[in-house]
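Visitor:
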Amino acid sequence: MSWTKKILRVNLTEGTCTPEPLNMEWANDYLGQRGLATKYLVEETDPTVDPLSPENKLIMATGPLTGTMASTGGRYSVITKGPLTGAIACSNSGGFIGNEFKNAGWDMIIFEGKSPSPVYLYIENDLAELRPADDLWGKSAWEADEMLHKIHQNPELKIAVIGRTAENGCLFSGVINDLHRAAGRSGVGTVMASKNLKAVAVYGTQGVDSLDNPEAFDKAVADGKEVLAENAVTGEGLPTYGTQVLMNVINSVGGLPARNMRDVGFEGAEHISGEAMHEPRPSDGKPNLTTNGACFGCTIACGRISTIDKTHFSIRDKADQKQYQGASGGLEYEAAWALGADTGVDDLDALTYVNFVCNEDGFDPISFGCTVAAAMELFEAGKITTEDTGGIELKFGSAEALVAVTEQLVSGEGIGPDIALGSKRLCEKYGEPDLSMSVKGLEFPAYDPRGFQGIGLNYATSNRGACHVRGYTIASEVLGIPVKTEQTDTDGKPELVKAFQDATALVDSAGICLFTTFAWGMENIAPQIDAACEGDWSVERCLEVGERIWNMERIYNNAAGFTADDDTLPKRLLKEAIKSGPTAGQVNRLGEMLPKYYEIRGWTPEGVPTSETLARLGLD
Amino acid sequence: MQKSLHLDPAKCTGCLQCELACSYEKLGEFNPSRSLIRVFTFHFEGRFAPYTCTQCDEAWCQRACPVDAITMDLATGAKVVNDDKCVGCKVCTISCPFGTVNYVQETGKVAKCDLCGGDPECAKSCPTGAITFIDANLTGYERMQAYAEKSLPSAEASA
Numbered sequence: 001m002s003w004t005k006k007i008l009r010v011n012l013t014e015g016t017c018t019p020e021p022l023n024m025e026w027a028n029d030y031l032g033q034r035g036l037a038t039k040y041l042v043e044e045t046d047p048t049v050d051p052l053s054p055e056n057k058l059i060m061a062t063g064p065l066t067g068t069m070a071s072t073g074g075r076y077s078v079i080t081k082g083p084l085t086g087a088i089a090c091s092n093s094g095g096f097i098g099n100e101f102k103n104a105g106w107d108m109i110i111f112e113g114k115s116p117s118p119v120y121l122y123i124e125n126d127l128a129e130l131r132p133a134d135d136l137w138g139k140s141a142w143e144a145d146e147m148l149h150k151i152h153q154n155p156e157l158k159i160a161v162i163g164r165t166a167e168n169g170c171l172f173s174g175v176i177n178d179l180h181r182a183a184g185r186s187g188v189g190t191v192m193a194s195k196n197l198k199a200v201a202v203y204g205t206q207g208v209d210s211l212d213n214p215e216a217f218d219k220a221v222a223d224g225k226e227v228l229a230e231n232a233v234t235g236e237g238l239p240t241y242g243t244q245v246l247m248n249v250i251n252s253v254g255g256l257p258a259r260n261m262r263d264v265g266f267e268g269a270e271h272i273s274g275e276a277m278h279e280p281r282p283s284d285g286k287p288n289l290t291t292n293g294a295c296f297g298c299t300i301a302c303g304r305i306s307t308i309d310k311t312h313f314s315i316r317d318k319a320d321q322k323q324y325q326g327a328s329g330g331l332e333y334e335a336a337w338a339l340g341a342d343t344g345v346d347d348l349d350a351l352t353y354v355n356f357v358c359n360e361d362g363f364d365p366i367s368f369g370c371t372v373a374a375a376m377e378l379f380e381a382g383k384i385t386t387e388d389t390g391g392i393e394l395k396f397g398s399a400e401a402l403v404a405v406t407e408q409l410v411s412g413e414g415i416g417p418d419i420a421l422g423s424k425r426l427c428e429k430y431g432e433p434d435l436s437m438s439v440k441g442l443e444f445p446a447y448d449p450r451g452f453q454g455i456g457l458n459y460a461t462s463n464r465g466a467c468h469v470r471g472y473t474i475a476s477e478v479l480g481i482p483v484k485t486e487q488t489d490t491d492g493k494p495e496l497v498k499a500f501q502d503a504t505a506l507v508d509s510a511g512i513c514l515f516t517t518f519a520w521g522m523e524n525i526a527p528q529i530d531a532a533c534e535g536d537w538s539v540e541r542c543l544e545v546g547e548r549i550w551n552m553e554r555i556y557n558n559a560a561g562f563t564a565d566d567d568t569l570p571k572r573l574l575k576e577a578i579k580s581g582p583t584a585g586q587v588n589r590l591g592e593m594l595p596k597y598y599e600i601r602g603w604t605p606e607g608v609p610t611s612e613t614l615a616r617l618g619l620d
Numbered sequence: 621m622q623k624s625l626h627l628d629p630a631k632c633t634g635c636l637q638c639e640l641a642c643s644y645e646k647l648g649e650f651n652p653s654r655s656l657i658r659v660f661t662f663h664f665e666g667r668f669a670p671y672t673c674t675q676c677d678e679a680w681c682q683r684a685c686p687v688d689a690i691t692m693d694l695a696t697g698a699k700v701v702n703d704d705k706c707v708g709c710k711v712c713t714i715s716c717p718f719g720t721v722n723y724v725q726e727t728g729k730v731a732k733c734d735l736c737g738g739d740p741e742c743a744k745s746c747p748t749g750a751i752t753f754i755d756a757n758l759t760g761y762e763r764m765q766a767y768a769e770k771s772l773p774s775a776e777a778s779a
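Protein chains in written order, with this note's numbering: chain A, 1 to 620; chain B, 621 to 779.
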């Protein structure tokens with residue numbers, strides 16, 4: 001089984017923590033983590049609820065493989081209705097806290113209501129209670145993490161915590177765990193702050209056991225690890241360069257957007273790439289990258305641990321701020337792109353500093369970088385002036401401006417409060433809504449929908465807005481996984497997007513990391529789930545569960561007020577052709593793909609699942 | 621031939637597969653808090669270090685034990701805790717300079733690495749070769765080799 005079959009319900013209004021049995025009927029239909037927690041949210045909340053009201057709920061959920069020896073089996077997700085989008089928000093994180101929830105005996109924690117004053121949840125196995133967090137409120141995620149470790153005198157305590165930006169209402173705040181891992185996107189941290197919940201601190205020593213078939217599990221897990229080790233991406237590319245292995249690759253195939261996606265192709269890409277992170281700096285002779293690091297149970301170890309040059313302008317005058325002087329979580333590809341290429345900044349250490357601050361105070365570097373990029377374009381157009389920015393010359397390519405705006409976001413000064421709105425609301429406020437590069441309010445990741453038709457369709461239809469990890473067609477369109485498709489073709493892309501979206505929903509519900517799917521197909525994943533969980537978990541059943549989850553999320557979004565009109569891309573990406581490079585002349589041809597996508601999903605032309613589809617998936 | 625666990629922190633990624641494997645072998649469950657090998661993360665230094673018992677020849681724990689509960693496995697050289705003799709007095713935990721024998725409140729006994737009877741699960745599970753199980757006389761071999769290589773005259777100089 002591998003579920004603990006126990007969930008914790010925390011009523012923040014009443015201050016109560018109540019255990020209850022996991023609904024196993026739902027677990028059989030939705031597996032765990034993303035799928036199962038979304039089922040609880042759908043059943044227990046009104047989709048039209050204000051995301052930041054006490055009536056919204058926030059769920060932290062593990063999967064059945066979380067805490068087991070399955071490679072990457074340490075994931076957890078935060079599920080809620082997101083404030084940036086108003087859509088379903090589900091944000092996945094690694095690190096070590098997912099295992100700790102499981103080892104403490106909990107599959108899931110449901111937070112409801114709103115505490116009258118700041119609190120944190122302390123869990124030690126069966127003990128679960130809310131404790132005052134007045135001293136922690138107003139502190140960064142890193143400060144709060146340190147304080148909690150001191151209070152409990154337990155170095156093994158695992159902590160998920162929000163930073164100051166979430167407290168200040170920044171709509172793209174995440175939940176940080178283990179200092180540099182994040183449930184980063186969609187503003188799940190903002191929801192946590194709205195409930196006056198500063199942190200969750202958990203210590204578990206009960207052990208994760210009760211595998212359905214231990215012998216089969218050992219074999220499936222060992223086979224899976226071997227596949228990961230022998231694969232070029234998971235066995236070599238990711239441990240060596242992290243996801244940053246992609247910077248030069250994506251740039252070279254004409255898919256790297258730059259300067260608020262006005263351009264495709266970034267001349268500074270090489271300087272902010274995974275390769276560059278290995279290069280000794282002229283100033284101190286040390287590379288930006290200190291080492292790679294793994295999340296719980298992960299045999300890939302793509303994580304970047306970086307150190308900033310002590311003489312770099314971003315930290316030169318901050319010798320007293322020790323948190324920037326040592327190693328910490330370094331740049332992943334999406335962050336390097338959003339903070340770098342999209343703002344035109346090619347200063348690796350500046351981006352690393354900003355990335356540190358994103359972790360220190362818990363906000364999403366993708367949405368933040370894209371929002372700064374939009375602000376830079378507004379500044380160039382004269383819509384934002386130095387009066388708005390507190391004197392910052394907010395120009396594309398300025399590392400100094402990027403660093404200054406980052407500090408303004410945290411302090412709430414200058415343009416900070418406007419940036420905190422995210423690009424959609426920022427661009428609306430300054431009268432240029434079309435300059436927001438977002439879908440359903442969520443900013444784009446690092447793949448241009450004009451250069452890759454499939455990822456464009458995925459962005460347009462993703463249930464949480466423009467998100468690459470809902471259906472990562474880049475695997476096929478660039479890397480040929482599982483088969484190569486032409487990046488500029490639209491043929492076959494609806495089928496590709498659906499297949500990736502459904503498979504991903506299953507992976508996100510299992511407790512393992514999506515990055516395994518560079519090497520693993522469902523035929524590697526299903527046997528691990530099957531051996532861990534009671535019942536028969538075939539490849540077919542796994543894919544059906546994935547499709548059921550996708551449709552459940554869609555129904556929620558439709559009920560929240562989204563329509564087919566929201567399944568679109570910014571005008572720039574549909575109308576302004578790529579100017580130069582290998583993909584010159586391309587726009588995204590969404591109109592060629594969307595009707596077919598609805599059709600194969602079993603949805604009406606209005607994007608609504610038909611009654612036959614609902615019946616087929618047991619959603620009626 | 622006696623073999624030793626050889627730990628190379630430079631290769632460790634902090635993934636904890638060894639802790640999972642150890643607890644799975646000893647307890648039949650995945651429980652890193654009860655693992656007999658532990659991985660320490662020094663976050664702000666960007667370093668990870670696995671650590672466990674080195675199986676001292678003249679073991680402090682063995683000498684300190686008042687009831688002779690710790691004995692040597694003659695086949696492996698491991699110092700093994702005999703649960704039926706251990707009275708949980710904890711004197712061994714005080715005597716060990718390395719902290720690698722510890723009291724377990726769940727059992728009322730102490731627990732330490734016993735090399736899994738000569739086929740340690742931690743070494744088998746390590747994905748990066750940070751933990752290996754090798755000839756006890758050769759734990760310095762790789763490091764010596766690396767320094768030997770450094771001491772070579774450069775190709776140009778020797779040509």
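Backbone N, C-alpha and C define an ideal beta-carbon position, used for all residues, glycine too.
Since this is a predicted model, take the numbers as computed values, not measurements.
(1) Could you check whether the Cβ of Phe-296(A) sits closer than 8 Å to any Cβ belonging to chain B?
(2) Quick one: what does DSSP say Ser-367(A) is sitting in, helix, strand or coil?
(3) Between the Cα of Ile-97(A) and those of Ile-176(A), Thr-38(A), Ala-70(A), Tyr-40(A), spot the shortest distance and give me the residue it belongs to.
(4) Secondary structure at Ala-301(A), three-state DSSP: helix, strand or coil?
(5) In this structure, how does DSSP classify Ser-655(B) when only helix, strand and coil are distinguished?
(6) First and last residue of the alpha helix (DSSP H) that includes Gly-382(A)?
(7) Candidates Ser-715(B), Cys-673(B), Tyr-761(B), Ala-689(B): which alpha carbon is nearest Lys-732(B)'s?
(8) In whole angstroms, give me the CA-to-CA distance for Gly-480(A) and Asp-536(A).
(9) Taking 8 Å as the CB-CB cut-off, is Lys-225(A) touching chain B?
(10) Roughly how far, in whole angstroms, is the beta-carbon of Glu-553(A) from the beta-carbon of Ile-88(A), given that I think they are within contact range, below 8 Å?
(11) Using the DSSP secondary-structure output, state which residues sit across from Pro-132(A) in a beta bridge.
(12) Can you confirm whether Thr-633(B), when its beta carbon is compared against all beta carbons of chain A, has any partner nearer than 8 Å?
(13) So the candidates are Val-724(B), Asn-757(B), Ile-657(B); which of them puts its Cα closest to the Cα of Pro-740(B)?
(14) Ignore the nearest five residues each way along the sequence and tell me which others in Ala-401(A)'s own chain have a CB closer than 7 Å to its CB.
(15) Name the chain C residues whose beta carbon is nearer than 9 Å to that of Leu-627(B)?
(16) If we count Cβ pairs, one from each stretch, closer than 8 Å, do we get three or more for the segment 341-351 of chain A versus the segment 245-263 of chain A?
(17) Under three-state DSSP, which class holds Met-108(A)?
(18) Which of the three DSSP states is assigned to Ile-159(A) in this structure?
(19) Would a check of beta-carbon distances place Leu-640(B) closer than 8 Å to chain A?
(20) For Met-69(A), would you say it is in contact with chain B, using Cβ-to-Cβ distances shorter than 8 Å as the test?
(21) Which of the three DSSP states, helix, strand or coil, is assigned to His-663(B)?
(22) Cα-Cα, which of Leu-121(A), Gly-268(A), Ala-182(A), Gly-274(A) is closest to Tyr-203(A)?
(23) Quick one, which of Thr-68(A), Pro-54(A), Gly-32(A), Pro-116(A) has its alpha-carbon nearest Val-78(A)'s?
(24) Do the segment 365-374 of chain A and the segment 425-441 of chain A make contact, defined as three or more Cβ pairs closer than 8 Å?
(25) Taking a Cβ distance cut-off of 7 Å, strictly less, list which residues of the segment 503-524 of chain A are near chain B, in chain order.
(26) With a threshold of 16 other CB atoms inside 10 Å of the CB of Tyr-30(A), please say whether the residue is buried or exposed.
(27) Tell me which residues share the same chain as Thr-234(A) and place their Cβ nearer than 6 Å to its Cβ, disregarding the 5 neighbours each side in the sequence.
(28) Considering only residues of the same chain and omitting the five flanking positions on each side of Leu-496(A), which have a CB-CB separation below 7 Å?
(29) Within 8 Å, do at least three Cβ pairs link the segment 442-451 of chain A to the segment 147-165 of chain A?
(30) Excluding the 5 residues preceding and the 5 following Ser-283(A) in the sequence, name in chain order all residues of the same chain whose CB lies nearer than 7 Å to its CB.
(31) Would Leu-179(A) count as contacting chain B if we go by Cβ distances under 8 Å?
(32) When the Cβ atoms of the segment 140-155 of chain A are set against those of the segment 10-22 of chain A, are three or more pairs found closer than 8 Å?
(33) Quick check on the burial criterion: 16 or more other C-beta atoms within 10 angstroms. Buried or exposed for Phe-718(B)?
(34) Give the interface partners of Gln-622(B) over in chain A, defined as CB-CB distance under 7 Å, in chain order.
(35) Short of 8 Å Cβ to Cβ, which residues in the segment 420-444 of chain A face chain B?
(36) Run through DSSP, which three-state label would Arg-464(A) get?
Guide: Short version:
(1) yes
(2) helix
(3) Ile-176(A)
(4) coil
(5) coil
(6) Counting along the chain, Gly-382(A) falls outside any alpha helix (DSSP H), and DSSP gives it neither H nor E.
(7) Cys-673(B)
(8) 31 Å
(9) yes
(10) 5 Å
(11) Val-119(A)
(12) yes
(13) Ile-657(B)
(14) Ile-392, Glu-393, Leu-394, Lys-395
(15) Chain labels in this structure do not include chain C; the protein chains are A and B.
(16) yes
(17) strand
(18) strand
(19) yes
(20) yes
(21) helix
(22) Leu-121(A)
(23) Gly-32(A)
(24) yes
(25) none
(26) buried
(27) Leu-228, Ile-300, Phe-518, Ala-519
(28) Gly-454, Thr-473, Ser-476, Thr-485
(29) no
(30) Asp-309, Thr-311
(31) yes
(32) no
(33) exposed
(34) Those within 7 Å of Gln-622(B) in chain A number zero; the least Cβ separation is about 28 Å.
(35) none
(36) coil
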